[in-house]
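In case it helps, our numbering puts the sequence shown at residues 3 to 198.
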Amino acid sequence: MAVEIPRFTRAKMEISRESYNYPAVNPIKQDLFKDGSLREYPGAIYWNYGAAPQTFEDPNVEEEVGLYGDGDPLDLIEVGRPATQYHTGQIISVKILGALGLVDGGEADWKIIVIATDDPLFDRINDINDLESAYPNTISGIREWFRWYKYPTHGVINSFMHGGQPLNRRKAVDLVARTHVMWKRRFSPDSESYGV
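1) Is A118 closer than 9 Å to M3 when the C-beta atoms are compared?
2) Looking at R12 and Y48, is the spacing between their C-beta atoms short of 9 Å?
3) Give the straight-line distance between the Cα atoms of L34 and T155, rounded to the nearest whole angstrom.
4) Tell me where the beta strand (DSSP E) around G2 begins and ends.
5) Whole angstroms is fine: what's the gap from V175's alpha carbon to I114's?
6) According to DSSP, which residues form a beta bridge with A101?
7) When DSSP labels each residue in this structure, what does S135 get in the three-state scheme?
8) With a cut-off of 9 Å, does the C-beta of H156 fall near any C-beta of chain D?
9) How should L99 be labelled, buried or exposed, when 16 other C-beta atoms within 10 angstroms of its C-beta is the threshold for buried?
10) Secondary structure at D77, three-state DSSP: helix, strand or coil?
11) Tell me where the alpha helix (DSSP H) around E20 begins and ends.
12) Count the other C-beta atoms from every protein chain shown that fall within 10 angstroms of the C-beta of T57, then say buried if there are 16 or more, exposed otherwise.
13) Since I141 is in the alpha helix (DSSP H), which residue starts that stretch and which ends it?
14) Please state the DSSP three-state secondary structure of V183.
15) Are the Cβ atoms of D192 and F148 separated by less than 9 Å?
16) Do the CB positions of E59 and I30 come within less than 9 Å of each other?
17) Could you give the DSSP three-state label for Y43: helix, strand or coil?
18) Assuming E66 contacts G103 under a Cβ cut-off of 8 Å, what Cβ separation, rounded to an integer in Å, is found between them?
19) Can you check whether the CB of R126 is closer than 9 Å to the CB of G73?
20) Terminal residues of the continuous alpha helix (DSSP H) containing T86?
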């Protein structure tokens, strides 16, 4: 996982696809509002947030009925309680636990739920059900945070695929594998659609 936004911070950092020579060089920079001002969340995010390298939610591929990808790498939410604070740009090893399907601006924007290998309960948490036993209400916290996070600045309340229920580990792993194939088709120099 490439950490973009460390937990308990507000600056909306993201891998830049517009700068330099994506995907060969892709710096992490602070996102901007349409008026050019630096974007910050209205309140701190409670988890480590980042991206899955070499994944791509293709805006030309229908993910769910009527929903297409958002054109970004998959988002990862690291839900553990590591002993140290991560920082923007840090690469951490994680285990996939499940996924939440956010609908953001009419696009599929999957949130892959993961736990860092240095979490004290890493060996005990292997799926969404284990997560809820170890760290109760984590999924509902994530769901509600992402449902409401745009409301203060945009007046928008987001919705979710699958009635807001998380996908299990197996389905989340399949989703990561599928978006990796999309990334290879889009960004591999050997691909016919390279750079399109």
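The beta carbon of each residue, even a glycine, is placed where N, CA and C say it ideally should be.
A quick look at the data gives this:
1) Translated into positions along the sequence shown, residue 3 becomes position 1. Translated into positions along the sequence shown, residue 118 becomes position 116. For M3 and A118, yes; Cβs fall inside 9 Å.
2) For the purposes of this step, residue 48 is taken as the residue at position 46 of the sequence shown. For the purposes of this step, residue 12 is taken as the residue at position 10 of the sequence shown. Going by C-beta atoms, Y48 is not nearer than 9 Å to R12.
3) Within the sequence shown, the letter at position 32 stands for residue 34. Within the sequence shown, the letter at position 153 stands for residue 155. When rounded, the distance between both Cα atoms is 13 Å.
4) Outside the shown range of the chain, which is 3 to 198, sits residue 2, and nothing can be said about it.
5) Here residue 175 is taken as the residue at index 173 of the sequence shown, counted from 1. Here residue 114 is taken as the residue at index 112 of the sequence shown, counted from 1. For V175 and I114, the distance between alpha carbons rounds to 9 Å.
6) Residue 101 sits at position 99 when you count from the first residue of the sequence shown. Partner(s): I114 and L169.
7) To locate residue 135, count along the sequence shown from 1; it is residue 133. Helix at S135.
8) Of the protein chains in the structure, only one exists, and it is not chain D.
9) Along the sequence shown, one-based indexing puts residue 99 at 97. Classification of L99: buried, given that the 10 Å Cβ count is 16 or more.
10) In the sequence shown, the residue the question calls residue 77 occupies position 75. D77: strand per DSSP, three-state reduction.
11) Numbered from 1 along the sequence shown, position 18 holds the residue referred to as residue 20. Boundaries for E20: no alpha helix (DSSP H) harbours it, and the DSSP string shows neither H nor E there.
12) Within the sequence shown, numbered from 1, the residue matching residue 57 stands at position 55. Buried, by the Cβ-count rule.
13) Here residue 141 is taken as the residue at index 139 of the sequence shown, counted from 1. Residues T140 to W150.
14) In the sequence shown, the residue the question calls residue 183 occupies position 181. Reduced to three states, the DSSP call for V183 is helix.
15) Position 190 of the sequence shown, counting from 1, holds the residue named residue 192. Position 146 of the sequence shown, counting from 1, holds the residue named residue 148. No. Outside cutoff.
16) Position 57 of the sequence shown holds residue 59. Position 28 of the sequence shown holds residue 30. Contact flag unset, no.
17) Reading the sequence shown from its first residue, position 41 is the one you call residue 43. Three-state result, Y43: coil.
18) Residue 66 sits at position 64 when you count from the first residue of the sequence shown. Residue 103 sits at position 101 when you count from the first residue of the sequence shown. 7 Å between Cβ atoms; contact.
19) Numbered from its first residue, the sequence shown carries residue 73 at position 71. Numbered from its first residue, the sequence shown carries residue 126 at position 124. Going by C-beta atoms, G73 is not nearer than 9 Å to R126.
20) The residue you call residue 86 lines up with position 84 of the sequence shown. Counting along the chain, T86 falls outside any alpha helix (DSSP H), and DSSP gives it neither H nor E.
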